[in-house]
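Q:
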Amino acid sequence: SEVTVAPLPSEFGRGATVAILDHSVAEEAEQVRRDFVANVSHELKTPLTAMTGFIETLRGPARNDAKARDRFLDIMESEAARMNRLVSDLLSLSRVQAEERRRPSGRVDLPMLLRGVAATMQPSAEAADCTIETLGLDGSLTIPGDADQLVQVFQNLIQNALKYGASGGLVRIVLKRIDHEPLLRGPGWSATIEDRGEGIDDMHLPRLTERFYRIDTHRSRAQGGTGLGLAIVKHIVNRHRGRMRIESRKGEGSRFTVILPEGTKRG
Ligand code: ADP
């Protein structure tokens, strides 16, 4: 805790209250906030700088060059799209963080939701020459949860599997019931998104869900990533009182597992 109030000896004598302010926690949070603002600014500034440069070129040297104009407009359009994605993800993140303490009030049919997400991702999978394989998604089972947010979780994870999975590869979605999940100390459901892609070096695993943490920033940007996907996933999973497990082996692939409580309270 940041402030301890205790009956300690005071210069004011008996009955006085002494508050000990421990700034270390608050200062650490402040540092995290500052880093975040610096990151956001940098991420927004990069496309803005590019766009400003192209506008100047279009006004000047490329004024009468129709071919260059079309090419620069295409680039500006994609830079604007990047800024749009970033702002959308920032809004998502801030909404999800604001709601994190409030339990989701809805109910979600988990296999149906996963079947829906798999279908939505089919075109992206085809574009990446990738096959999506599903296991355990038959039937229906309902857990407490926020459907829109859980869709976002699995979309982000599958998108990553497609982005960082080897082209021409395989992405598996597996839903399983776990009688006793140690991470939940009880029964739950585990939904795994697995790819046979490049894998992730051990040293990165603990930091992967941090905002803007990327293994290869150029690569992530080139793929249209914002570096916020897994941070959003983490907060949504927390809100559902769930857990996340990331397993990976460099050169072989990665497995992201979301573990959700079954939802039935046990006395
Ligand atoms: P991004 O928008 O960069 O994809 P994420 O928060 O979704 O941001 O992921 C953070 C980083 O984690 C990515 O930049 C990538 O380096 C790494 N990563 C995420 N998923 C995978 C995966 N399935 N395989 C390999 N690396 C991954």
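Residue numbers 103 to 369, in full-length UniProt numbering, belong to the letters of the sequence shown in order.
Using N, Cα and C, we set each Cβ at its ideal position, and we do this for glycine too.
1. Quick one: give me the first and last residue of the beta strand (DSSP E) that Ser292 is part of.
2. Are there any heavy atoms of ligand 1 lying less than 6 Å away from the beta-carbon of Asp211, as far as the coordinates show?
3. Report back the beta-carbon spacing between Pro246 and Arg209 to the nearest angstrom; my notes put them in contact at under 8 Å.
4. Are Ile334 and Val219 touching if we call contact CB-CB under 7 Å?
5. Please give me, in chain order, every unbroken run of the beta strand (DSSP E) with length at least 3 that falls completely inside the segment 288–364.
6. Using 8 Å for Cβ pairs, my map puts Leu243 next to Leu216. What's the rounded Cβ distance?
7. To which residues of the same chain is Gln261 closer than 8 Å at the C-beta, ignoring the five residues directly before and after it?
8. Mark Glu113 as exposed unless 16 or more other C-beta atoms lie within 10 angstroms of its C-beta, in which case mark it buried.
9. Between which two residues does the alpha helix (DSSP H) containing Arg209 stretch?
10. Should Arg184 go down as buried or exposed, given a rule of 16 or more other Cβ atoms within 10 Å for buried?
11. For the segment 174–233, which segments carrying the beta strand (DSSP E) assignment without a break, of at least 3 residues, lie completely within its bounds, in sequence order?
12. Do Asp231 and Ser269 come within 7 Å of each other at the CB atom, strictly closer than that value?
13. Please state the DSSP three-state secondary structure of residue 58.
14. Pick out whichever of Pro213, Gly344, Ile275 and Asp304 has its Cα sitting closest to the Cα of Pro284.
15. Just to confirm before moving on: does the CB-CB distance between Ile295 and Ala249 stay below 7 Å?
16. Would you check if there are 3 or more beta carbon pairs closer than 8 Å linking the segment 297–310 to the segment 341–358?
17. Tell me whether Leu264 counts as near ligand 1, meaning its Cβ is closer than 6 Å to at least one heavy atom of that ligand.
18. Count the other CB atoms within 10 Å of the CB of Val360; is the residue buried (16 or more) or exposed (fewer)?
19. Rounded to whole angstroms, what is the Cα-Cα separation between Pro206 and Leu362?
20. At the level of alpha carbons, what is the spacing between Ala168 and Leu175?
21. Tell me where the alpha helix (DSSP H) around Leu264 begins and ends.
22. Quick check: Leu188 and Thr328, are their CB atoms within less than 7 Å of each other?
23. Can the beta-carbon of Glu364 be found less than 7 Å from the beta-carbon of Gly290?
24. In its own chain, which residues sit with a C-beta less than 8 Å from the C-beta of Leu195, not counting the 5 before and 5 after it?
A: Checking against the coordinates, here is how it stands:
1. Where Ser292 is concerned, the enclosing beta strand (DSSP E) starts and stops at Gly288 to Asp297.
2. No, the Cβ of Asp211 stays beyond 6 Å of every heavy atom of ligand 1.
3. Correct: roughly 6 Å between the Cβ atoms.
4. In this structure, Val219 does not lie closer than 7 Å to Ile334 by Cβ.
5. Scanning the segment 288–364 from its first residue to its last, the whole beta strand (DSSP E) runs of 3-plus residues come out as 288–297, 345–351 and 355–363.
6. Not really, about 11 Å apart at Cβ, beyond 8 Å.
7. Closer than 8 Å at the Cβ level, and outside the excluded window around Gln261, lie Met223, Ser226 and Gly331.
8. Counting Cβ neighbours within 10 Å, Glu113 comes out exposed, since fewer than 16 surround it.
9. Where Arg209 is concerned, there is no enclosing alpha helix (DSSP H), although the beta strand (DSSP E) it sits in stretches over Arg209 to Asp211.
10. Arg184 is buried by the Cβ-count criterion.
11. Within the segment 174–233, complete beta strand (DSSP E) segments of at least 3 residues are found at 209–211, given in chain order.
12. At the C-beta level, Ser269 and Asp231 come within 7 Å of one another.
13. With the chain represented from 103 up to 369, any question about residue 58 goes unanswered, as that position is not in the structure.
14. Gly344 is the residue among Pro213, Gly344, Ile275 and Asp304 whose C-alpha sits nearest the C-alpha of Pro284.
15. Cβ distance not < 7 Å, so Ile295 and Ala249 don't count as in contact.
16. Yes, the segment 297–310 touches the segment 341–358.
17. No, ligand 1 has no heavy atom inside 6 Å of this Cβ.
18. It is buried - the Cβ of Val360 has at least 16 other Cβ atoms within 10 Å.
19. Answer to the nearest angstrom: the Cα atoms are 13 Å apart.
20. Here the C-alpha atom of Ala168 lies approximately 10 Å from the C-alpha atom of Leu175.
21. From DSSP, the alpha helix (DSSP H) with Leu264 extends over Ala249 to Tyr266.
22. Yes. Within cutoff.
23. In this structure, Glu364 places its C-beta atom within 7 Å of the C-beta atom of Gly290.
24. Excluding sequence positions up to five before and after Leu195, its CB lies within less than 8 Å of the CB of Arg313, Leu330, Ala333, Ile334 and His337, all in the same chain and listed in chain order.
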